[in-house]
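Heads up: the sequence shown at position 443 corresponds to 443 in full-length UniProt numbering, and the numbers run straight through without jumps.
Working notes for the structure below.
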Amino acid sequence: MTKYTRMNKSLLAMAVAVALPNAYADETAKDDIEHIQIISHYDKLRTEAGSATLLTEEQLGEYEYDDIHRVLSSVPGVNIREEDGYGLRPNIGFRGVTPERSKKITIMEDGVLIGPAPYSAPAAYYFPQTTRMTAVEVFKGPAAIKHGPQTIAGALNLVTRSVPEFTEGAIDIAAGGDGYTKAHGYFGSVVNNIGFLVEAVNVQADGFKELDGGGDTGFDKNDFLAKFNYRLQQGDIEHNFGLKLSYADEISDETYLGLTEADFAENPYRRYAATAPAKMDTEHQQVMFTHSMSTDNLSLTTRLYRNDYERAWLKLNSVEGKSPQEILLNPEAEDNQRLYEILKGEQDSVVPGAANFLTMGTNDREYYSQGLQIDGDFAFNLFDLNHDLSFGVRFHEDEIERKHFEESYKMTSGVSSLVENSKRFTTLNTEHTEAWSVYVEDKIKLDALTLGVGVRGELMDMHYQNNSNPNDWLDKTTRIWLPGVSGFYQLSEDSGVLFGIHRGFSPASPAQSSEIEIEKSTNYEFGGRYNDGVTEFEVVSFFNDYSNLKESCGQSNCGDSLQQDAEFNGGAAHVYGLEAQFSQRYPLNLQLDIPYSLVYTYTKGEFKNDRRTTFAQWGEVKSGDPLPYLPEHQVSFNVGLSADKWRTSLAVKYIGSMPEAAGRSWQEGTQEFTLYLEGQEVPSSTTVDLSASYDFDEYGQVYLKVDNLLDEDKIVSRRPYGARPGKPRQVTVGYKYQF
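Shown next, in the form of structure tokens:
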């Protein structure tokens with residue numbers, strides 16, 4: 001993409017503009033066009049059962065984060081593995097599930113599945129642009145019974161801007177270190193009873209890594225949204241018709257290759273010359289039709305949706321057939337020295353008597369997901385008891401087509417170049433799923449007790465086809481019912497206790513044989529809430545009892561193309577912990593307030609059986625071994641100082657150390673398995689972010705933010721190939737104007 005094209009897209013994003021009224025003022029309000037169930041704001045005691053967290057538009061704007069990892073740092077029970085420093089490919093888990101590519105949580109946008117292929121290939125290589133969201137919801141435990149297919153950990157719902165009722169608009173522009181720029185604009189109005197909204201975002205950066213020989217290590221992301229709605233009143237019934245169109249693309253110069261420990265210590269932001277050709281190129285489109293109708297006690301919303309996603313990621317797979325991980329872990333070994341020098345561009349790959357080619361692989365994939373979803377809510381009285389019945393049915397179809405290929409590159413004078421006519425296909429297959437989902441949940445009011453009883457069903461027909469071998473195919477059917485019970489008992493006007501138990505489930509992919517079991521668990525939670533309008537406190541304990549823990553191999557967590565997309569049974573496991581959050585606003589005087597909050601998460605995950613596996617993060621595990629990439633302790637502290645026209649905020653995030661691998665290497669007869677990173681840990685880290693803003697009334701608002709204020713150099717992961725850093729200090733200045 002040329003700089004001229006990037007500039008035009010940035011100008012287009014700046015030119016589009018306006019806002020909407022808040023869509024989440026009351027949890028009983030069901031008349032907005034999306035009919036998204038938004039958790040009520042924290043101005044009173046929340047009485048819903050189950051753990052649920054709402055981040056409002058005001059909270060999202062406080063630090064102006066583009067990275068969903070940073071956005072979720074203030075939510076208890078969230079475990080994250082950073083990767084590229086910008087959150088381009090998020091790794092998010094809830095309550096101890098693997099964070100790898102967010103594949104164990106249900107991700108939605110406006111209540112609809114947004115992952116490329118949530119059933120067939122749930123790894124979320126596409127993630128919506130956080131900048132354009134007006135709310136983020138996190139559901140854990142029984143609160144997630146309405147959302148699937150991943151129901152063990154919970155669900156994440158991203159809420160886009162609603163069509164405004166009046167003419168409104170805004171622009172938001174920002175610039176910062178490492179060539180970072182943001183241009184965001186939206187505009188909406190109503191013409192002849194037809195409302196519309198157009199919105200555009202461009203975010204880009206040159207990158208903070210220093211490529212040997214020079215070059216960009218950043219990204220360029222565009223996101224465009226258009227919405228239309230029409231409201232019709234027929235007696236006591238209000239109808240809303242909506243159309244949503246969105247398009248997003250990304251070009252990022254990203255790689256999986258990290259550094260040796262020695263090179264990281266010398267310069268954590270270095271990138272080896274061999275990664276220069278690396279590039280991710282993606283496109284995403286969504287079309288969604290919505291119809292909602294509501295009366296005094298009934299609401300019904302129907303959504304018809306289609307998502308298309310294409311991606312091609314060129315990256316280093318091996319050097320003369322040897323894994324980069326093996327080279328970087330022991331660069332001084334006699335058979336690794338020359339290959340290591342080639343990676344750095346300090347030796348040519350083709351010299352008299354030796355030819356050691358770089359193998360670059362392009363994981364070219366096409367996805368689609370589509371479906372029809374109906375959600376309803378019916379309030380009624382039966383046997384002198386108040387009932388709130390939620391129900392839904394969804395038919396969903398998704399597919400992934402893999403067209404992976406490899407090419408040879410040669411290193412010459414520090415420059416990596418393609419070897420002509422070296423293209424060879426490595427993976428050609430298709431995985432397809434058709435799924436019916438249903439749920440019913442009845443919330444019954446019994447004096448001070450609100451009791452929720454529900455069940456979710458997932459009925460899936462899956463198909464796998466090896467496109468290079470017509471005889472290699474697999475059809476399978478899975479039927480599972482997942483009951484749940486939850487409750488909230490109100491002790492007083494300001495306090496109450498919550499409890500719940502539900503069955504969790506994660507499906508195996510279409511390509512997996514019957515030897516790979518589905519992931520199942522029984523999940524428990526118990527806790528309490530307090531909110532007197534000034535002080536809010538919530539504490540929830542949880543225990544997830546897995547009958548079978550399941551993991552899958554991808555390039556990001558295994559790096560071994562021979563195990564690409566393979567899945568593994570982990571057997572019985574326990575994950576348990578405590579989530580606590582406290583917030584308060586302390587008035588200094590009539591003009592100044594000090595808002596502050598503290599979030600703490602304790603999580604412990606361990607295997608409860610002995611077994612030998614060839615999974616790159618497990619190896620041989622014994623009962624009591626910890627789960628990888630799961631910190632025991634996480635603390636987030638936010639404090640601010642706010643007045644009528646200005647505010648400043650400081651966020652401190654501590655993440656404890658976490659193991660890179662669970663078990664150990666093993667050998668049995670002639671069979672052996674080497675567990676790379678055995679015994680290694682991602683070190684603990686403390687990150688401090690700062691933000692400030694000043695409001696000029698009708699002239700707009702200026703803001704300043706500093707990510708990683710202390711400029712901490714930290715290893716965020718050594719997987720799949722070598723040590724990789726988080727983002728260094730980045731200072732950004734921005735301007736917002738609304739009309």
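Glycine is no exception: its CB is placed at the ideal position from the N, C-alpha and C atoms.
The structure displayed is predicted, hence computed values, not measured ones.
(message) In the DSSP output, which residue or residues are listed as bridge partners for Ser492?
(response) Looking up residue 492 in the sequence shown gives position 492. For Ser492, no pairing in a beta bridge is given by DSSP.
**Prompt:** DSSP state of Thr412, grouped into three classes?
**Reply:** Position 412 of the sequence shown, counted from the first residue, corresponds to residue 412. In this structure, Thr412 counts as strand in the three-state DSSP scheme.
Checklist entry - Quick one: what does DSSP say Val71 is sitting in, helix, strand or coil? => result Reading the sequence shown from its first residue, position 71 is the one you call residue 71. For Val71, the three-state secondary structure derived from DSSP is helix.
- Message: 9 Å is my cut-off, CB to CB: does Ala183 come that close to chain D?
- Response: The structure shown has no chain D; it contains just one protein chain.
Using C-beta distances below 6 Å, list every residue in its chain close to Ala616, excluding the 5 sequence neighbours before and after it, in chain order.
As a working mapping, residue 616 is identified with position 616 in the sequence shown. For Ala616, same chain residues with a beta-carbon under 6 Å away, outside a window of 5 residues either side, are Cys558 in chain order.
Using DSSP bridges, identify the partner residues of Ile444.
Within the sequence shown, the letter at position 444 stands for residue 444. Within the DSSP secondary-structure output, Ile444 pairs in a beta bridge with His387 and Leu451.
- Task: Measure the beta-carbon distance from Asp377 to Ser299 and round it to whole angstroms, keeping in mind my assumption that it falls under 8 Å.
- Result: Numbered from 1 along the sequence shown, position 377 holds the residue referred to as residue 377. Numbered from 1 along the sequence shown, position 299 holds the residue referred to as residue 299. The Cβ separation is near 5 Å, so the contact holds.
Notebook entry, point to check: With a CB to CB cut of under 8 Å and the five nearest residues on each side skipped, what residues in its chain are close to Glu678?
Noted result: Working through the sequence shown from its first residue, we reach residue 678 at position 678. In chain order, Gly619, Ala661, Gly663, Arg664 and Ser665 place their CB closer than 8 Å to the CB of Glu678, counting only its own chain and leaving out the 5 sequence neighbours on each side.
Point to revise | Asp344 - DSSP class collapsed to helix/strand/coil | key: Position 344 of the sequence shown holds residue 344. A small correction: the amino acid at residue 344 is Lys; Asp does not occupy that position in the sequence shown. If DSSP states are grouped into helix, strand and coil, Lys344 belongs with the helices.
For the beta strand (DSSP E) containing Glu283, name the first residue and the last one. Numbered from 1 along the sequence shown, position 283 holds the residue referred to as residue 283. Looking at the DSSP string, the run of the beta strand (DSSP E) that includes Glu283 is Lys279 to Ser294.
Sequence ranges, beta strand (DSSP E) only - wholly within the segment 175-220, length at least 3 | The segment 175-220 contains these whole beta strand (DSSP E) runs: 180-191 and 194-205.
- Query: In or out: Gly554 buried (at least 16 other Cβ within 10 Å) or exposed?
  - Reply: Looking up residue 554 in the sequence shown gives position 554. Buried is the call here.
Original post:
Does the separation of the CB atoms of Val198 and Phe224 fall below 9 Å?
Top reply: Walking along the sequence shown from the start, residue 198 turns up at place 198. Walking along the sequence shown from the start, residue 224 turns up at place 224. Against a cut-off of 9 Å, the Cβ pair of Phe224 and Val198 comes out as a contact.
So, with DSSP's three-state summary, where would you put Tyr63? Mapped onto the sequence shown, residue 63 falls at position 63. Look at Tyr63 here: in three-state DSSP terms it is helix.
Take the Cβ of Ala355 as the centre, count every other Cβ of all protein chains shown within 10 Å, and call the residue buried at 16 or more, exposed below.
-> Locating residue 355 in the sequence shown gives position 355, counting from the first residue. It counts as exposed.
Which of the three DSSP states is assigned to Tyr125 in this structure?
Here residue 125 corresponds to residue number 125 of the sequence shown, with the count starting at 1. Look at Tyr125 here: in three-state DSSP terms it is coil, with no helix or strand label.
Bridge partners of Ile715, per DSSP?
Mapped onto the sequence shown, residue 715 falls at position 715. DSSP, once it has assigned bridges, lists Pro725 as partnering Ile715.
Where Leu316 falls, given that 16 or more other Cβ within 10 Å makes a residue buried
Working through the sequence shown from its first residue, we reach residue 316 at position 316. Buried, because 16 or more other Cβ atoms sit within 10 Å of the Cβ of Leu316.
Review point. Going by beta carbon distance, what residues of the same chain come within less than 8 Å of Leu592, once the five residues before and after it are set aside?
Key: Residue 592 sits at position 592 when you count from the first residue of the sequence shown. Within the same chain, Leu592 has close Cβ partners Leu641, Ser642 and Ala643.
Three-way DSSP call (helix, strand, coil) for Pro483 in this model
Position 483 of the sequence shown holds residue 483. DSSP, read as helix, strand or coil, puts Pro483 in strand.
Exercise for the section: Use the C-beta contact count for Trp313: other C-beta atoms within 10 angstroms, 16 or more gives buried, fewer gives exposed. Expected result: Within the sequence shown, the letter at position 313 stands for residue 313. By the neighbour-count rule (16 or more Cβ atoms within 10 Å), Trp313 is buried.
Please work out which residues of its chain come closer than 6 Å, Cβ to Cβ, to Ser583, disregarding the five sequence neighbours upstream and downstream, and give them in chain order. For the purposes of this step, residue 583 is identified with residue 583 of the sequence shown, where counting begins at 1. The answer, listed in chain order, is Glu536 and Ser597.
request  = Measure the C-alpha to C-alpha separation of Val733 and Tyr86 and round it to an integer number of angstroms.
outcome  = To locate residue 733, count along the sequence shown from 1; it is residue 733. To locate residue 86, count along the sequence shown from 1; it is residue 86. For Val733 and Tyr86, the distance between alpha carbons rounds to 17 Å.
Can you tell me which of the three DSSP states Gln730 falls into? Taking the sequence shown and counting its residues from 1, one reaches residue 730 at position 730. Reduced to three states, the DSSP call for Gln730 is strand.
#### Entry: Beta-bridge partners of Glu519, as assigned by DSSP
Along the sequence shown, one-based indexing puts residue 519 at 519. Within the DSSP secondary-structure output, Glu519 pairs in a beta bridge with Ser506.
**Study point:** Three-state secondary structure assigned by DSSP to Gln337
**Key:** As a working note, residue 337 is residue 337 in the sequence shown. In this structure, Gln337 counts as helix in the three-state DSSP scheme.
Q) Taking Ala183 as the reference, which of Pro268, Ala170, Gly195 and Glu341 has the closest Cα? A) Indexing the sequence shown from 1 puts residue 183 at position 183. If we check each option's Cα against that of Ala183, Ala170 comes out closest.
Beta-carbon contacts of residue 740 that lie in its chain and below 6 Å, excluding the five residues immediately before and after: What is shown of the chain runs 1 to 739, which leaves residue 740 out entirely.
- Got a sec, what are the start and stop residues for the alpha helix (DSSP H) Phe264 sits in? Locating residue 264 in the sequence shown gives position 264, counting from the first residue. Glu261 to Glu266 is the extent of the alpha helix (DSSP H) around Phe264.
### Task
Tell me Ala379's beta-bridge partners as DSSP assigns them.
Translated into the one-based positions of the sequence shown, residue 379 becomes position 379. DSSP output for Ala379 lists Asp388 as bridge partner(s).
* Confirm, please, whether the CB-CB distance from Ser717 to Arg89 is below 9 Å. => Taking the sequence shown and counting its residues from 1, one reaches residue 89 at position 89. Taking the sequence shown and counting its residues from 1, one reaches residue 717 at position 717. No, they are not a contact pair.
Span separating the alpha-carbon of Thr362 from that of Asp697
Position 362 of the sequence shown, counted from the first residue, corresponds to residue 362. Position 697 of the sequence shown, counted from the first residue, corresponds to residue 697. Going from the Cα of Thr362 to the Cα of Asp697 covers about 50 Å.
Review point. In whole angstroms, what separates the C-alpha of Ser120 from that of Gln233?
Key: Position 120 of the sequence shown, counted from the first residue, corresponds to residue 120. Position 233 of the sequence shown, counted from the first residue, corresponds to residue 233. Roughly 41 Å separates the two Cα atoms.
Q. Would you call Phe219 buried or exposed, if buried means 16 or more other Cβ atoms sit within 10 Å of its Cβ?
A. Position 219 of the sequence shown, counted from the first residue, corresponds to residue 219. Buried: at least 16 other Cβ atoms inside 10 Å.
(request) Just the C-alpha distance for Gly457 and Ser417, rounded to the nearest angstrom, thanks. (result) Start at 1 with the first residue of the sequence shown, and residue 457 comes out as number 457. Start at 1 with the first residue of the sequence shown, and residue 417 comes out as number 417. So the two alpha carbons sit approximately 52 Å from each other.
Span separating the alpha-carbon of Leu54 from that of Leu60
By one-based count along the sequence shown, residue 54 stands at place 54. By one-based count along the sequence shown, residue 60 stands at place 60. Their backbone Cα atoms lie some 10 Å apart in a straight line.
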